[in-house]
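Enquirer:
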Amino acid sequence: MSLDPSSFFKNELLRPIGANIGPGVILTTAYWNVLRNASIKMDNILSANNETLEIIIFSVISLLVGALIENLGSLFEVHIIENWVLKNDKGIHEENWYNYLRLRNSEELIGHKYLRGILTRYKIELSLIPTIIFLIPAFLFFDHFSMRSFVISGIFLFPLAYCIWEAIGSQKVLRKIRLELLKGPLR
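Mapping of the sequence shown onto my numbering: residues 1 to 187, in sequence order.
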């Protein structure tokens, strides 16, 4: 058994890092610094507390921003690129897409790999929902139910709603793909 250095780039871990985490961290870092420099109150809130609070807030926001960026890219693909490229398609592209997912690639259907990618995103969305739910009381207790703790906790209601909305959308996509894959491979 030899070590193949290129195996990292074939690993399914690279996609979420490249599509979600990387862009989320980059964009969040830029605006995080702008926000801290522009708002003395924000800097005071973060400085008054320990680094753990800042790391938690930054991490959750980075994951959410990354998921949002990936979804914006997907929306751009579906509503702009595909509409422009497939202007006179009349539904052939969608039929071809689902037929493509049912093709066999060496050992498995192509759709299975696609399904795993969507499932990974879905699991991240599902894990962020209870994470945010449990973070809210932590922030309230952290600062003894001060107005500042209510503001910080309230801010997390928007990401919570977004994660729930995205999880519902991912579930719909997963259901559709599973139904297509149940039709079996194309012969």
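For each residue, glycine too, the CB sits at the ideal point set by N, CA and C.
Sort Glu94, Thr131, Lys176 by Cα distance to cysteine 163 and report the nearest one.
Expert: Thr131
Enquirer: When the Cα atoms are used, what is the spatial distance from leucine 160 to lysine 87?
Expert: Rounded to whole angstroms, leucine 160 to lysine 87 spans 36 Å at the Cα level.
Enquirer: Smallest Cα separation from proline 185: which of Arg148, Ile56, Gly111, Ile118?
Expert: Checked all of Arg148, Ile56, Gly111, Ile118; the closest Cα to proline 185 is Gly111.
Enquirer: Looking at tyrosine 114 and isoleucine 177, is the spacing between their C-beta atoms short of 8 Å?
Expert: Here isoleucine 177 is near tyrosine 114, since their CB atoms are less than 8 Å apart.
Enquirer: Taking alanine 167 as the reference, which of Val151, Ile124, Leu63, Lys183 has the closest Cα?
Expert: Ile124
Enquirer: How far does the alpha helix (DSSP H) with proline 159 in it extend, from its first residue to its last?
Expert: 157 to 182
Enquirer: Classify leucine 182 as buried or exposed, calling it buried when 16 or more other Cβ atoms lie within 10 Å of its own Cβ.
Expert: exposed
Enquirer: In three-state terms, what does DSSP make of arginine 116?
Expert: helix
Enquirer: Give me the residue from Glu70, Ile129, Ile17 with the minimum Cα distance to valine 60.
Expert: Ile129
Enquirer: Rounded to whole angstroms, how far is the Cβ of valine 173 from the Cβ of isoleucine 118, which I believe are closer than 8 Å?
Expert: 6 Å
Enquirer: Three-state secondary structure (DSSP) at arginine 121?
Expert: helix
Enquirer: From the DSSP output, which residues share a beta bridge with arginine 104?
Expert: Paired residues: Leu109.
Enquirer: Do serine 149 and phenylalanine 139 have their CB atoms nearer than 8 Å?
Expert: yes
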